[in-house]
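Heads up: the sequence shown begins at 1 in the UniProt record's numbering, then just goes up one per residue.
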Amino acid sequence: MARKAPDEDVSEKDLEVGRPKEWAAGIPAVAKSLRMSYDQMGAGRTFLTLVRVNQKHGFDCPGCAWPEGDHRSPAEFCENGAKAVAEEATTRRVTREFFAAHSVDELAGRTDYWLGQQGRLAEPMHKPAGSDHYVPVSWDDAFAIVARELRALAGPDEALFYTSGRTSNEAAFVYQLLVRRFGTNNLPDCSNMCHESSGSALNETLGIGKGTVSLEDLHRADLVFVVGQNPGTNHPRMLSALEKAKRNGARIIAVNPLPEAGLLRFKNPQRASGMVGRGTTLADRFLQIRLNGDLALFQGLSRLLLDAEEAAPGSVIDKRFVEEHTHGFEDWAASLRDLDWAEVAEATGLDRAAIEETATDVLAAKSVIVCWAMGLTQHKNSVATIREVVNFLLLRGNVGRPGAGVCPVRGHSNVQGDRTMGIYEKPGKAFLDAIRDEFGFEPPRHHGYDTVEAIRALRAGQAKVFFAMGGNFVAATPDTEVTEAAMRGARLTVQVSTKLNRSHAVCGEEALILPTLGRTEQDGDRFVTVEDSMGMVHASRGRLRPASPHLLPEVEIVCRLARELFGRDDHVPWEEFAADYGAIRDRIERVIPGFDDFNARALDGFALPNAPRDERRFPTATGRANFTVNTLEVLRVPEGRLLLQTVRSHDQYNTTIYGMDDRYRGVRGGRRVVFAHPDDLAERGLADGDMVDLTSEWPDGERRAEAFRVIAYPTARGCCAAYFPETNVLVPLDSVAETSGTPTSKSVVVRLSRSSL
Numbered sequence: 001m002a003r004k005a006p007d008e009d010v011s012e013k014d015l016e017v018g019r020p021k022e023w024a025a026g027i028p029a030v031a032k033s034l035r036m037s038y039d040q041m042g043a044g045r046t047f048l049t050l051v052r053v054n055q056k057h058g059f060d061c062p063g064c065a066w067p068e069g070d071h072r073s074p075a076e077f078c079e080n081g082a083k084a085v086a087e088e089a090t091t092r093r094v095t096r097e098f099f100a101a102h103s104v105d106e107l108a109g110r111t112d113y114w115l116g117q118q119g120r121l122a123e124p125m126h127k128p129a130g131s132d133h134y135v136p137v138s139w140d141d142a143f144a145i146v147a148r149e150l151r152a153l154a155g156p157d158e159a160l161f162y163t164s165g166r167t168s169n170e171a172a173f174v175y176q177l178l179v180r181r182f183g184t185n186n187l188p189d190c191s192n193m194c195h196e197s198s199g200s201a202l203n204e205t206l207g208i209g210k211g212t213v214s215l216e217d218l219h220r221a222d223l224v225f226v227v228g229q230n231p232g233t234n235h236p237r238m239l240s241a242l243e244k245a246k247r248n249g250a251r252i253i254a255v256n257p258l259p260e261a262g263l264l265r266f267k268n269p270q271r272a273s274g275m276v277g278r279g280t281t282l283a284d285r286f287l288q289i290r291l292n293g294d295l296a297l298f299q300g301l302s303r304l305l306l307d308a309e310e311a312a313p314g315s316v317i318d319k320r321f322v323e324e325h326t327h328g329f330e331d332w333a334a335s336l337r338d339l340d341w342a343e344v345a346e347a348t349g350l351d352r353a354a355i356e357e358t359a360t361d362v363l364a365a366k367s368v369i370v371c372w373a374m375g376l377t378q379h380k381n382s383v384a385t386i387r388e389v390v391n392f393l394l395l396r397g398n399v400g401r402p403g404a405g406v407c408p409v410r411g412h413s414n415v416q417g418d419r420t421m422g423i424y425e426k427p428g429k430a431f432l433d434a435i436r437d438e439f440g441f442e443p444p445r446h447h448g449y450d451t452v453e454a455i456r457a458l459r460a461g462q463a464k465v466f467f468a469m470g471g472n473f474v475a476a477t478p479d480t481e482v483t484e485a486a487m488r489g490a491r492l493t494v495q496v497s498t499k500l501n502r503s504h505a506v507c508g509e510e511a512l513i514l515p516t517l518g519r520t521e522q523d524g525d526r527f528v529t530v531e532d533s534m535g536m537v538h539a540s541r542g543r544l545r546p547a548s549p550h551l552l553p554e555v556e557i558v559c560r561l562a563r564e565l566f567g568r569d570d571h572v573p574w575e576e577f578a579a580d581y582g583a584i585r586d587r588i589e590r591v592i593p594g595f596d597d598f599n600a601r602a603l604d605g606f607a608l609p610n611a612p613r614d615e616r617r618f619p620t621a622t623g624r625a626n627f628t629v630n631t632l633e634v635l636r637v638p639e640g641r642l643l644l645q646t647v648r649s650h651d652q653y654n655t656t657i658y659g660m661d662d663r664y665r666g667v668r669g670g671r672r673v674v675f676a677h678p679d680d681l682a683e684r685g686l687a688d689g690d691m692v693d694l695t696s697e698w699p700d701g702e703r704r705a706e707a708f709r710v711i712a713y714p715t716a717r718g719c720c721a722a723y724f725p726e727t728n729v730l731v732p733l734d735s736v737a738e739t740s741g742t743p744t745s746k747s748v749v750v751r752l753s754r755s756s757l
């Protein structure tokens, strides 16, 4: 039998800290997966769900977007995937009695962990204006409330329509169709906060805002860089792919301020031989880089490659590729002639010998892939940094051939598919023209708000209705106090959700909770599709009985709202879409390139077209892959301060907290911790175990996160790390990456002071 939800919040008074792990997965990962699954689902339900995760005729994991190969393990899931499934397929329920017993104010005082542990939402709930409690509401009345408030707006741009990554392709397509039919492009989404910098840089340089490699490319690469990424926690199945690459002869270079257990050694729990012994050493080289030093590193590597070409002409640069397929090489190469090695050393914290040895690895490799995640995307200069990664790869022709390319590792399942389906505040002309031609209305052409701009609009009273298709917006976004005040100022907030989270408690004057089916659950005889991190589209079909008879699938929620909003005479066939997802896929096929014969190909899966990968064609403004000139600006921290990055714990996925442990970093029973180098602590008169407040300093004032326990940890000197969302409060709303607008959560200047709490 599954266990009941906790009645009380977890106290951090008993927090324990041990030695960080030097390897990942193995028997502890299997044990934790099964223990959490049994606690949430019970034994029978655990078997019914886990055997179908990521299988061709099963459902796509609601966690990360890592792709599956053609030959799949019977247990094609990782520890954190099992946790995600267990949380969704839990037998715990949040009923009307729960909301009667707990006011909104009380729920706002609970931790994210406690809220998530209460279970699945069971029926639509409504918080009337002036009330502090949610009460049951019928679906018809809920849709009428939303339609009433949308019609009452002075204009469509006063509404915001947020999307989380787990929304299916079909739901995302009809959702953006509703929003544009309503008359706005206000479609902020979770990409704005994570990989927007990747899309901005790659669209400019390669002509596509996605990666250019397949899973097979990763298996056959000679050299793989894993930069600003913790696959052992955030997408553990990547470790299996890296292990296969190693067996095929690849070298792996890990670039990170923190030593991450999964990149040190991996004990593959899907192989008997991987469960015993030392496991596989993955990283051949660990470059413990200073936060924000990646641009300098890749400029240094490229400069060394240019020097090697000058010493032995024709032996290093792929001149034919550069001449036939690229633009801007001469200007870029000239910009590196004056590279200041002292600044490279200061920015990276690495000595030149380490960079030179890495360049030797590059020279020996015929094919190179650079993988990265949010460690690269959440800095002020993130777009410039990723452009520099592209420069490095273009120099030796490492784009558009087997075993080589760019690999931005997207996080949440189908976050990439949402963007493909049109969840974007800055849609292109071709997409809008296709919507117009297919559906017979003129969509809005002006740009909408991204996530940060949406919060600013709420704060200023320029937006009054907030509608979220999944996610936990309040916990995911920066500048927590500002964001929460902005949300509470909304006239109506609507959350389409599977589980309780903080965004239900920090809500507008009037609020709705609309409970929806999860990936694990049956949706009649229908299936949906998702796109993985490498551009593969495939079907997902849940098998479990829905958690409640009052749940609706996301597609039906969107379509019924659309009919209520636009009336019976609207010519978009919303009822047909709600009944037949194949009809939606037929329209996607006619609107979005690459989805030919969508319904027939969906069950087996297919790869979307990728011009750089498939044809070595680069649909940029120049018609070629673009070298770009990027200025190296060393991020210098005032004396006595440290540079903070926000990170996830191992018992966490995005804003969902599965437990209070971080096994790989040696933390048990708490989350309010800050990891810092022992020498940095000693310089500040602090010791391991001290309680401190974290204060960030900005032109508009200070922000404080109180009562954190210091952990002496082997991070890069001058750097520290702490978990989000607890430290989101330290990141100002207006501190964003240039071009992409992504919050700068990986480079926050902080001071540590003894806590009085």
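C-beta atoms are modelled at their ideal positions from N, C-alpha and C, and glycine is treated no differently.
Going by DSSP, which residues form a beta bridge with residue i?
i, result
"residue 405", "369"
"residue 778", "In the structure displayed, the chain extends from 1 to 757; residue 778 sits before or after that span and is not available."
"residue 626", "327"
"residue 511", "127 and 493"
"residue 253", "225 and 285"
"residue 712", "676"
"residue 721", "645 and 675"
Cα separation between residue i and residue j?
i, j, result
"residue 81", "residue 46", "13 Å"
"residue 356", "residue 723", "34 Å"
"residue 8", "residue 227", "39 Å"
"residue 573", "residue 560", "11 Å"
"residue 748", "residue 643", "6 Å"
"residue 543", "residue 693", "47 Å"
"residue 108", "residue 483", "14 Å"
"residue 590", "residue 438", "7 Å"
"residue 734", "residue 672", "25 Å"
"residue 395", "residue 739", "24 Å"
"residue 241", "residue 462", "47 Å"
"residue 778", "residue 319", "Outside the shown range of the chain (1 to 757) lies residue 778, about which nothing can therefore be said."
"residue 181", "residue 581", "19 Å"
Pick helix, strand or coil for residue i, following the three-state DSSP scheme.
i, result
"residue 540", "strand"
"residue 449", "coil"
"residue 223", "strand"
"residue 88", "helix"
"residue 6", "coil"
"residue 14", "coil"
"residue 743", "strand"
"residue 190", "helix"
"residue 657", "strand"
"residue 321", "helix"
"residue 64", "strand"
"residue 40", "helix"
"residue 238", "helix"
Measuring from the CB of residue i, is there a heavy atom of the ligand MG at a distance below 6 Å?
i, result
"residue 523", "Although the ligand MG was asked about, the structure shown includes no ligands whatsoever."
Output needed for residue i: all residues of its chain with C-beta closer than 6 Å, excluding positions within five of it in sequence on either side, in chain order.
i, result
"residue 658", "83 and 651"
"residue 761", "The structure shown does not extend to residue 761, since the chain is modelled only from 1 through 757, so no value can be given for it."
"residue 207", "618, 619 and 620"
"residue 30", "269"
"residue 37", "46, 82 and 86"
Suppose the cutoff is 7 Å on Cβ atoms and the five residues either side in sequence are ignored; what does the same chain contact list for residue i look like?
i, result
"residue 333", "306"
"residue 624", "325, 326, 327 and 618"
Excluding the 5 residues preceding and the 5 following residue i in the sequence, name in chain order all residues of the same chain whose CB lies nearer than 8 Å to its CB.
i, result
"residue 289", "255, 256, 257, 297, 348, 349, 350 and 716"
Checklist line | Segment contact flag, the segment 12-22 with the segment 85-98, C-beta cutoff 8 Å, min 3 pairs | finding: no
Note to self: Below 8 Å, how does it come out for the segment 216-225 and the segment 361-377: are there three or more Cβ pairs, yes or no?
What the structure shows: yes
Notebook entry, point to check: Is the segment 112-121 close to the segment 134-143, with three or more CB pairs under 8 Å?
Noted result: no
Checklist line | the segment 414-428 contacting the segment 372-388, beta-carbon criterion three pairs below 8 Å | finding: no
Notebook entry, point to check: Hey, is the segment 253-264 in contact with the segment 322-329, meaning 3+ C-beta pairs nearer than 8 Å?
Noted result: no
Notebook entry, point to check: Does the segment 485-504 touch the segment 522-531, meaning 3 or more C-beta pairs lie closer than 8 Å?
Noted result: no
Item checked: Segment contact flag, the segment 509-521 with the segment 129-138, C-beta cutoff 8 Å, min 3 pairs -> yes
Check: If we count Cβ pairs, one from each stretch, closer than 8 Å, do we get three or more for the segment 483-494 versus the segment 116-124?
Finding: no
Check: Below 8 Å, can you find three or more Cβ-Cβ pairs linking the segment 377-384 to the segment 167-186?
Finding: no
Check: Taking contact to mean at least 3 C-beta pairs separated by less than 8 Å, is the segment 159-173 in contact with the segment 460-475?
Finding: yes
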